[in-house]
Amino acid sequence: MKATINDVAKHAEVSIKTVSRVMNNEPSVRQNTRDKVMAAVTELNYQPNLAARNLAGTKSYSIAYVYDNPNAYYVIDMQAGILSACRKQGFELLIHPCNAKADNIEQEVANMVKHSRVAGLVLTPPFSEMPAFVKAMTELDVKVVRIMSGDEAPDDLTPCIMVNDHKAAFTITQHLIDLGHKNIGFIAGGSEHKSTIERLQGYKQALLDNNLSIEESLIIDGEYSFDSGVQGAKKLLTGDIRPTAIFSCNDEIAAGALFASRLMNIAIPETLSIAGFENSPFSRQTWPKLTTADQPNSTIAENAANLLIAQTRKQKPSNIVQQYTPQLVIRDSSGKAI
């Protein structure tokens, strides 16, 4: 038979209420008591029924991840990070993929919040960067934490995890410039994502700081997809100004650009250098492996969930705004300009 909370309380020689407080990670429990309870939990292999706990009381022990993103690796990393925080703190995770462009999107998510009785929402782009949507969510009886692109929060609506895409994109472009590249192409992601804007601005800033002109014909609109990289690279490599390097807005685009280059018998990196962004599995599954920027999405997501859970427990979070800057990872896809 499965161990019950009564079994744990008896084994640890504490009250059922104390076991409940430990399992809910409440800060008022003394450390030696917490250790006794957790030892009993481990020994008895006790697993609390979180769904029943949600139904039994007025307090919710579930949070939801709301997203609209075509990048499967990004979504998987986000889910893994949030789930890690939930498991450590006794919460359940509800995954809610949806269409950010739907006319009734605010009502759809509001209905989910009410019917599922979630305590909070983790929002990633584009939802986190839609002020009207965010405001509507804050007016519900839930907490919200946003993961966003930028170096500082745009408002004080909710706690934020900020990703400094601008600085990371500047560093990637500077790396290519240091290798002697002057004509550097840029394949953008979806225009609705602020990360696209920030990465483009970082690219442009690096060119200007090195007295290089910004050639609009070398900037290609796209989406965060492999096919967008294929089509964007073909356009760049058959244009009037042929680049010696391509900076793609993420690794999936970069992998598509590399594939297109191979089809055109262009040697990488001997004739053309290619860089991506995020350090997703795409960057390590190509040949050669991609130069990129390491964006620790699982860690970012786990910290966002911890920040959210602290809000639901009315604990003062250590940081209302946390910042990350993806770090340059140099691999074999970038080389000296010829």
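First residue of the sequence shown: 44, per the working numbering; consecutive thereafter. Glycine residues also receive a C-beta, built at the ideal position from the N, C-alpha and C atoms. Quantities reported herein were computed from a predicted structural model and do not represent experimental measurements.
Query                                                                                                             : Result
Sub-8 angstroms separation of I296 and S326 beta-carbons                                                          : no
Straight-line Cα distance separating E345 from L200                                                               : 20 angstroms
Outcome for G100 when other beta-carbon atoms lying within 10 angstroms are tallied against a minimum of 16       : Caution applies to G100, whose pLDDT of 46 falls short of 50 and renders its modelled position unreliable; the value that the coordinates give is listed next. Per the 10 Å Cβ criterion, exposed.
D120: first and last residue of the uninterrupted alpha helix (DSSP H) it sits in                                 : A115 to Q132
Proximal residues to D375 (C-beta, below 7 angstroms), its chain only, five neighbours per side dropped           : P312, P331 and K332
Candidates H218, Y116, L351 and F134: closest to L250 by CA position                                              : H218
Three or more C-beta pairs below 8 angstroms linking the segment 191-198 and the segment 141-152                  : no
Limits of the unbroken beta strand (DSSP E) element including K45                                                 : Taken as a continuous stretch (DSSP letters only), K45 belongs to no beta strand (DSSP E), as it is neither H nor E.
Outcome for I381 when other beta-carbon atoms lying within 10 angstroms are tallied against a minimum of 16       : exposed
Inter-residue Cα distance where the pair is G163 and V72                                                          : 24 angstroms
Distance cut-off 7 angstroms: K157 Cβ against heavy atoms of the ligand FMN                                       : With respect to the ligand FMN, the structure shown offers nothing to examine, as it has no ligands at all.
Validate contact between the segment 275-286 and the segment 239-253 using beta carbons, cut 8 angstroms, 3 pairs : no
Below-8 angstroms beta-carbon distance, I317 vs any chain C residue                                               : No chain C appears in the structure shown, which is made up of a single protein chain.
Cβ pair V165, I106 closer than 8 angstroms                                                                        : yes
Best match in V187, P113, F320 and L301 for proximity to R242 [C-alpha to C-alpha]                                : F320
Host alpha helix (DSSP H) of Y246 (start-end)                                                                     : K237 to D252
Segment limits, beta strand (DSSP E) that includes A336                                                           : T335 to D337
Segment contact, 8 angstroms Cβ cut-off, at least three pairs: the segment 172-181 with the segment 208-218       : no
Helix, strand or coil at M205 according to DSSP, with G and I counted as helix                                    : strand
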